[in-house]
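The working numbering applies: residue 302 is where the sequence shown begins, and numbers increase by one.
Glycine included, each C-beta is placed from N, C-alpha and C at the ideal position.
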Amino acid sequence: MVLVAVLLIVIGMLAWRWKTKVGFPLSSRLVIVQWVGLGLGALVFLASMAVVVPPGQAGIQILFGKVNDSPLPSGLHFINPFAQVVEMEVRTKNYTMTNVAEEGQKRGDDSIAVISSDGLTVKLDATVFYSLQQARLPEIYRTIGPDVEERIVRSEIRASLRDAAAALTATELYTSKRQAFIDQVSKALRVAFEKRGITLEQMLLRNVLLPDQITKAINDKIAADQDAQKMAFVLQKEKQEAERKRIEAEGQARAQQIVSQSLTPQIIENNRIQALREIGAKGNLIITPMGGATPMIQVPARK
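Following this line, the structure appears as structure tokens:
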């Protein structure tokens, strides 16, 4: 575009130069060529200075092989028309390495094989969320280039996962130390990325793939632990029920003891008289002679 602008301006200047040299007015056609050339050349030259950086991108100015240290944020900018602008994304991006086809940046099995402290080969699926620091984009472009994922992100993920896995057993990676492993890898990646002008936002350990025999042994152990916990719960419940029955029995025995201790001959005789009164009030009377030797006699009530 700059060359076109220069060409148009040159045409206009040549028409003006020819007019001055000849010394008489130009024809109408030459005048039109003169002003059109100058006007279009100026417009094209101004347009070549305008650059629009899309949202989520930042621009890097390169003039004759030299990278400008001031990145261009998204929006309209006027720059040196001879400068080249390279756009780089500053949005959050993710890089996934997995054995599941069509999910990661690489097709096929792209999981990371690591060696645990007990000598077993474990495959890990991981996803990393990161973003490029806009202020350091010129430095990133000079030292790394536009292909940050292939040159830095991918290699740092592999190195961090392998270094952290070497200190843990396969079983610990799969169960108890998984979160500690993620924290350690995240810390290492954050430091490594920061040196390169990259911000680590989150690291996800999607899956831990153990050898089949190890997976079966771990699952059997987990099932056994669950059965043991279930049995302990049942035993605890039975103990609680037995304790409840013991307390209930002790309470009943205590109540009976209190009642038996409180039954004097006078109370028993009084209760007998009260019972006779209640029966007599219903129309029947049962007489029980003292001593209990004589059979009971029923006396019909009066009509």
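Taking C-alpha atoms, which residue in the options lies nearest to residue i?
| i | options | result |
| --- | --- | --- |
| F482 | E495, R491, A468 | A468 |
| F369 | E403, Y431, P439 | It is Asn, not Phe, that sits at residue 369 in the sequence shown. Taking only the C-alpha atoms, the option nearest N369 is P439. |
| R408 | T397, A489, A414 | T397 |
| R507 | R497, V535, L462, L536 | L462 |
| I363 | E570, P356, P382 | P382 |
| P374 | P355, A533, Q385, F494 | P355 |
| R459 | E502, G376, V486 | V486 |
| V391 | G498, K367, D410 | G498 |
| V387 | G366, E403, S418, R555 | G366 |
| G420 | E457, K522, A554, I515 | I515 |
| L474 | S456, V423, Q527, I523 | V423 |
| A436 | V352, G360, I380 | G360 |
| K517 | A471, A384, E502, R479 | A471 |
| V492 | V509, K478, I453 | I453 |
In the structure shown, what three-state DSSP assignment does residue i receive?
| i | result |
| --- | --- |
| R479 | helix |
| A359 | strand |
| F325 | Low confidence applies to F325: its pLDDT is 44, below 50, so where it sits in the model is not reliable, and the reading given next is rough at best. Coil at F325, not helix or strand. |
| A306 | Any reading at A306 needs caution, since the residue's pLDDT is 45, under 50, leaving its predicted position unreliable; the model's value is listed next. Here A306 sits in helix by DSSP. |
| S456 | helix |
| L469 | coil |
| A402 | coil |
| S487 | helix |
| I413 | strand |
| T595 | Note that T595 has pLDDT 45, beneath the 50 cutoff, so the model's placement of it is unreliable and the number below is only indicative. Note: T595 maps to coil in three-state DSSP. |
| D521 | helix |
Rounded C-beta distance between residue i and residue j? I'm assuming under 8 angstroms.
| i | j | result |
| --- | --- | --- |
| M389 | L433 | 6 angstroms |
| T428 | N400 | No, T428 and N400 are not in contact; Cβ-Cβ is about 13 angstroms, not under 8 angstroms. |
| R417 | A466 | The amino acid occupying residue 417 in the given sequence is Ser; Arg does not appear at that position. Confirmed, about 6 angstroms. |
| A351 | F379 | 6 angstroms |
So who's on the other strand from residue i, going by DSSP bridges?
| i | result |
| --- | --- |
| G376 | V354 |
| L506 | A427 |
| Q385 | I363 |
| E390 | Q358 |
| S432 | T500 |
| Y396 | V429 |
| V292 | Given that the chain is displayed from residue 302 to residue 604, the structure contains no residue 292 and the question cannot be resolved. |
| T422 | I416 |
Go ahead and label residue i buried or exposed: buried means 16 or more other beta carbons lie within 10 angstroms of its beta carbon, across all protein chains shown.
| i | result |
| --- | --- |
| P447 | exposed |
| E570 | exposed |
| E579 | exposed |
| E495 | exposed |
| P512 | exposed |
| I523 | exposed |
| V535 | exposed |
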